[in-house]
Amino acid sequence: MPPFLENLKAKVLHLWTNTTVPQRIMVGGVALSVLLIFFLLIYWMGRPEYSVLYDRLTPEDAHRVMESLKANKELYRLEDNGQTILVPANRVHELRLRVAGEGTLRGPGLGFELFDDVKLGQTDYIQRINYQRALQGELARTISEFPEVVSSRIHLVIPHRSLFIEEQSPPSAAVILTMKQGAKLENRQIQSVVNLVASAVEGLSPDQITVSDTSGRLLYQPKAPDSIEGVTSTQLEYKLMLEQNLERRIDQMLSPIIGHGQVIAKVNTDLDFSQRTIRKEFFDPESSVVRSEQKSDESSMGQSNLETGVPEPAFRGEGFAGQGTLQETSRTSSTTNFEINREEQQILLPVGELQRLSVAVIVDGRYEPGPDGQGTVFIPRSDEELQRIEQLVRNAVGFDATRGDSVEVSSISFGEPDLLPVPGLAEMILSYARQFGKPILNFFLVLLFLVLVVRPAVLAMIRPRVAEQEELAATALLEGEERMALEEAEAMDSEAAMAQRRLDALKENTAQLFQKNLEQSINVLKIWLKEENA
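What follows is the structure in structure tokens.
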């Protein structure tokens, strides 16, 4: 075992033996907490981010997709009561292509996959029943694609074809829809469902289709075109469509100018749904054309009676009777027929002719900060602005004064605008925490792991070497200091010996001088004493 590990083991055992039981429990808890946090951090950072693979799945499709993912050992999660399947985000596209290639998603019910495995010996009746089931399933899958529809069921009645036309019955269909909570289909969507079913089934007329939902509401019922109910419903739909079209036109024109949500437009139309035919016939006497012309000439000869003055025939059987003269007569007649230019018109007046148009438009004004910055003050729009808006509305709806149309534009407060509240300090902190909380937490967890786990381990590995180096340095320092002290002591001893020798030599020289020159030596001592006393 390396020396630093032995030192670390010895230190740990030394600390462990010198601690009390509560201290041991606290140290163990801290160590376990650090390890738990570390492993949670690794799990959290290594956990993949999930995205939606498929949603709004039927239980059958969800089961097939789940089995496919299990077979390929793919990670997945279920949400929304098993209707939504989530997979790692980096695998979404690949898994979608794989599931699509396997044909796992079939939708609700059974479709034309019924004919994938056709058994020999099936009767014509079984084939017709399977075709009807497949057609019902395919239609149900298509209708279930509507966002408002959760699921649907189709019941078709397709009579068997008969050789006799009188005995042939028309097909019919019933559609049952399961709607989402609070969702509702518009009339055009219901009509599209009816047209879809009618177009998919041969010989099926929209008059033979009914649509209802699972709550028992009848969404569509066929109506006779000439019935009062059918005519009234059609007229009302046309009236509403015309009014909504005009309202939408006004809103699209004014919203970019005034602001979205600050315009309310309502249109009322008076329509004439009566059916009228006008026949007109015009004659132009000035533009005449000769159509035919007939002329005849007649001439005759006869004898006139001079006595009576009455003409008699010249010949009366045998011989002549009386006296008379011969007379010749002629007559000419001409007949001319003229053709006069004649124009005949037959006018069918359109049903739903617009008789009168009434438009009411409300626009919001302006809002300015109130006194002391509290609240807002409503300022209505000026008359000039309202007149310009009214002129725009008239041009947009096709205003006609001869019909008695009317347009009214007013500026009324819609209430104080919903100003976004200024977020407080706590909300700002919470927002930043949601936005940056995970990165900051990851940073602190990593820092905590480095400080509590990595740093002690590194220090435990480094400290023994540092201690050895410090001991060696201290030993070398002590040895050097001792050597220097000995050298200094020896040096000091040698200097003291030399000084002592010098002092001894000086004493001897002074004693010799004092003995040789006694009087002078006494005088010198007296001078030194006087100077010292002074």
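Following this note's numbering, the numbering of the sequence shown begins with 341 at its first residue and continues without gaps.
Cβ atoms here follow ideal geometry from the backbone N, Cα and C, with glycine treated the same way.
Endpoints, beta strand (DSSP E) assigned at residue i
i: Y394; result: 390-394
i: R706; result: 706-709
i: D553; result: 549-553
i: E693; result: 693-703
i: P495; result: Correcting the residue identity first, residue 495 is His in this sequence and not Pro. Where H495 is concerned, the enclosing beta strand (DSSP E) stretches over 489-497.
i: I604; result: 603-612
i: R743; result: Element bounds for R743: n/a, residue is neither H nor E.
i: V717; result: 716-719
i: V791; result: It is not in any beta strand (DSSP E) - V791 carries neither H nor E in the DSSP assignment.
i: I425; result: 424-428
i: P558; result: Checking the sequence shown, residue 558 turns out to be Leu, not Pro. Its beta strand (DSSP E) spans residues 558-560.
i: L418; result: 417-419
N-terminal and C-terminal residue of the alpha helix (DSSP H) that residue i is part of
i: D401; result: 399-411
i: I466; result: 464-483
i: S532; result: 527-540
i: A513; result: Counting along the chain, A513 falls outside any alpha helix (DSSP H), though it belongs to the beta strand (DSSP E) covering 512-519.
i: L435; result: 432-442
i: R728; result: 723-737
When the options are compared against residue i, the one with the closest alpha-carbon
i: L689; options: G477, I618, K349; result: I618
i: L418; options: A429, D395, A440, I752; result: D395
i: D612; options: I597, I377, D723, Q575; result: Q575
i: Y578; options: V603, R528, P428; result: R528
i: G599; options: Q686, E626, D637, I702; result: I702
i: G422; options: E767, V392, N412, E583; result: V392
i: V607; options: I590, V533, L594; result: I590
i: P499; options: L380, A605, F754, G543; result: G543
i: I597; options: L381, E708, R728, T850; result: R728
i: R671; options: E638, S753, E767, L790; result: E638
i: K410; options: T676, V439, L525; result: V439
i: E683; options: Q852, Q615, K620; result: K620
i: G755; options: L496, I719, T424; result: I719
i: F486; options: E526, M641, S614; result: E526
i: A537; options: G556, S555, Y560; result: Residue identity differs from the one stated: residue 537 is Val in this sequence, not Ala. Comparing Cα positions, the closest option is Y560.
i: G692; options: A766, T357, E583, I769; result: E583
i: R310; options: V515, F783, N535; result: Residue coverage of the chain in this structure runs from 341 to 874, which leaves residue 310 outside it and unanswerable.
i: E390; options: L415, V427, L853, S512; result: Checking the displayed sequence, the identity of residue 390 turns out to be Tyr instead of Glu. Closest option to Y390, Cα to Cα, is V427.
i: Y707; options: I752, G744, D553, E679; result: I752
i: S509; options: L479, S545, A523, A540; result: S545
i: I549; options: Q592, L586, I494, R387; result: I494
i: R721; options: F784, V603, P625; result: V603
i: V786; options: P362, L580, L381; result: L381
i: G744; options: F789, A480, D610; result: D610
i: V717; options: D704, S861, N470; result: D704
Cβ distance (whole Å) where residue i is taken to contact residue j below 8 Å
i: L288; j: R473; result: Since the first and last residues shown for the chain are 341 and 874, residue 288 lies out of range.
i: L726; j: V747; result: Between V747 and L726 the Cβ distance is about 11 Å, and since that is not below 8 Å, they are no contact.
i: V541; j: I483; result: Not a contact, Cβ separation roughly 13 Å.
i: N681; j: D624; result: 4 Å
i: T669; j: S636; result: Not really, about 14 Å apart at Cβ, beyond 8 Å.
i: R631; j: N677; result: 5 Å
i: A513; j: L496; result: 5 Å
i: I425; j: L397; result: 7 Å
Short CB-CB distance (under 9 Å) between residue i and chain C
i: I680; result: Judged by its chain identifiers, the structure shown contains no chain C, having just a single protein chain.
Closer than 8 Å: residue i CB and nearest the ligand MG heavy atom
i: S545; result: The ligand MG is not part of this structure, which contains no ligands at all.
Query raised in the report: Is the stretch 723-742 touching the stretch 696-710 in the sense that three or more CB pairs, one from each, lie closer than 8 Å?
Result: yes
**Report entry** Inter-stretch contact (C-beta, 8 Å, three-pair minimum) for the stretch 417-434 and the stretch 458-471
**Finding:** Judged by Cβ distances under 8 Å, the stretch 417-434 makes no contact with the stretch 458-471, as fewer than three pairs qualify.
Query raised in the report: Below 8 Å, can you find three or more Cβ-Cβ pairs linking the stretch 486-498 to the stretch 517-524?
Result: At 8 Å Cβ cutoff, the stretches touch.
Requested in this report: For the stretch 395-412 and the stretch 359-377, state whether three or more C-beta atom pairs, one from each stretch, are separated by less than 8 Å.
Outcome: At 8 Å Cβ cutoff, the stretches do not touch.
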